[in-house]
Each structure stands twice: as C-alpha cells, then as structure tokens.
Amino acid sequence: MATLTEAGVRLPMGGRGQYLDRTLIERLWRSLKQGAIHLEEINDGFQTQRDVKNWVAFYSTERTHSALDPQTRDDENWAGLEEQKAA
210 MATLTEAGVR LPMGGRGQYL DRTLIERLWR SLKQGAIHLE EINDGFQTQR
260 DVKNWVAFYS TERTHSALDP QTRDDENWAG LEEQKAA
C-alpha cells in the first residue's frame, strides 16, 4: 500500500456512487463467466485468454444491450464521440 501511495495512486475508500461501480463490474463479470468461462473446457491459460478476448470483442461490438435502446456498446460510444465533435 505504501508503494501505491508513494506513486501518487489514490484508492477509493468508500463513498457515494461506489456501490454502482461494483454493481456494474459484478454484472459484467457474471456475463463473462456465463458467456465464455463456463461454456468452454479450459485446458490452459492461453486458451482462457483467447476466449475472454473473443467474448469481450463480442460484448462490445455485436451484443445489443436493452439499456442502450438496443445498440451495441461500440455504437453508443461512437455516437457519443460524434455528438461531442458536432458541438
């Protein structure tokens, strides 16, 4: 911990909004486990890395999300960038 402090890294120690961050991460982790980890027979770390990488690519570019008025994460992110450029 001292090394992080010396490097100027601030660790969140509770407060407003953190439960929302944990909720989002827990949902992502659950989706990853259900969509990639538990479906594959894992033989080595390299295979696991490939499976997770492929799933994250699918999650970002192909999987639609109802909260995004069924768009993909990439569609939503690019739309936000285009709106910023137009402003």
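Residue numbers for the sequence shown, in the working numbering: 210 to 296.
Beta carbons are placed, not taken as given, at the ideal position from N, Cα and C, and that holds for glycine.
Check	Outcome
Supposed contact pair S269 and D260 - C-beta distance, whole angstroms, cut 8 Å	D260 to S269, Cβ: 15 Å. No contact.
Burial state of W287 (16 or more Cβ within 10 Å)	exposed
CA-to-CA distance, T212 to L233, given in whole angstroms	28 Å
Burial state of A295, where buried means 16 or more other Cβ atoms lie within 10 Å	exposed
Residues of its chain near I251, where Cβ-Cβ distance is below 6 Å and the 5 sequence neighbours each way are ignored	T257
Straight-line Cα distance separating D230 from A245	22 Å
Close-in-space but distant-in-sequence residues of the same chain around E271 (CB under 7 Å, 5 per side omitted)	T281
Close-in-space but distant-in-sequence residues of the same chain around L277 (CB under 6 Å, 5 per side omitted)	E285
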